[in-house]
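A.B. asks:
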Amino acid sequence: MKKNIIGTIISAGVIGILVWIAAMVLSISYMDWSFFIGLAISVVLFFFNSSGGVLSKGATLDASTAGWKVQQDNELKANVGFVFFGAVLYTIVSFVMMIITYY
Numbered sequence: 313m314k315k316n317i318i319g320t321i322i323s324a325g326v327i328g329i330l331v332w333i334a335a336m337v338l339s340i341s342y343m344d345w346s347f348f349i350g351l352a353i354s355v356v357l358f359f360f361n362s363s364g365g366v367l368s369k370g371a372t373l374d375a376s377t378a379g380w381k382v383q384q385d386n387e388l389k390a391n392v393g394f395v396f397f398g399a400v401l402y403t404i405v406s407f408v409m410m411i412i413t414y415y
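Taking this note's numbering, the leading residue of the sequence shown gets 313, the next gets one more, and so forth.
1. Which residue from SER323, LYS315, LEU338, SER341 puts its Cα closest to that of ILE353?
2. Could you check the C-alpha separation between PHE407 and VAL337 for me, to the nearest Å?
3. Identify the continuous alpha helix (DSSP H) that holds ILE318 and give its terminal residues.
4. Which residue marks the beginning of the alpha helix (DSSP H) containing VAL408, and which one marks its end?
5. Of the choices GLY325, ILE317, PHE348, ILE318, whose alpha-carbon is the least far from that of MET410?
6. Which of helix, strand or coil does DSSP assign to SER346?
7. Mind reading off the beta-carbon distance from VAL392 to PHE359? Whole number of angstroms is fine, and I expect it under 8 Å.
8. List the whole-angstrom C-beta distance separating MET343 from THR403, where the pair is believed to meet the contact cut-off of C-beta under 8 Å.
9. For ILE440, does the count of other Cβ atoms within 10 angstroms reach 16, so buried, or fall short, so exposed?
10. Run through DSSP, which three-state label would SER354 get?
11. Please go through the same chain and pick out, in chain order, the residues whose beta-carbon is closer than 6 Å to the beta-carbon of TRP345, but skip the five residues on each side of it.
Quick look at the structure:
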């Protein structure tokens with residue numbers, strides 16, 4: 313449990329540093345884009361670490377109509393780890409900082 317919390321904090325810090333470096337290289341404002349980049353990273357990590365759901369139902373429907381067989385539906389199962397939770401933590405912190413900065 314303690315390793316997961318430490319891993320989550322470390323991954324949030326690594327994401328923050330990578331976004332900061334990218335903001336410097338691309339000459340964009342870190343505070344303007346940090347929340348949106350964190351949100352995008354969280355969504356991408358969730359979709360790549362999940363099975364079932366809407367995308368799988370579409371593929372199952374295509375396969376069942378092509379082969380004239382009825383396929384079973386798969387429920388959405390997310391197998392996320394501390395990197396995903398670190399991305400979510402980074403997104404929440406950047407959202408709070410954006411609210412504080414602009415309001």
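Cβ coordinates follow ideal geometry from the N, Cα and C atoms, glycine included. Keep in mind the model is a prediction, meaning the values are calculated, not measured.
C.D. replies: Taking the geometry as given:
1. Here the closest residue by C-alpha is SER323.
2. Taken atom to atom, the span from the alpha-carbon of PHE407 to that of VAL337 is near 22 Å.
3. 314-338 is the span of the alpha helix (DSSP H), which, as asked, contains ILE318.
4. Its alpha helix (DSSP H) spans residues 394-414.
5. If we check each option's Cα against that of MET410, PHE348 comes out closest.
6. It is helical.
7. About 10 Å; that fails the 8 Å criterion.
8. Wrong, their Cβ atoms sit about 14 Å apart, outside the cutoff.
9. This structure gives no information on residue 440, because the portion of the chain shown stretches from 313 to 415.
10. The answer is helix: DSSP assigns SER354 an H, G or I state.
11. Excluding residues within five positions, none has a Cβ falling inside 6 Å.
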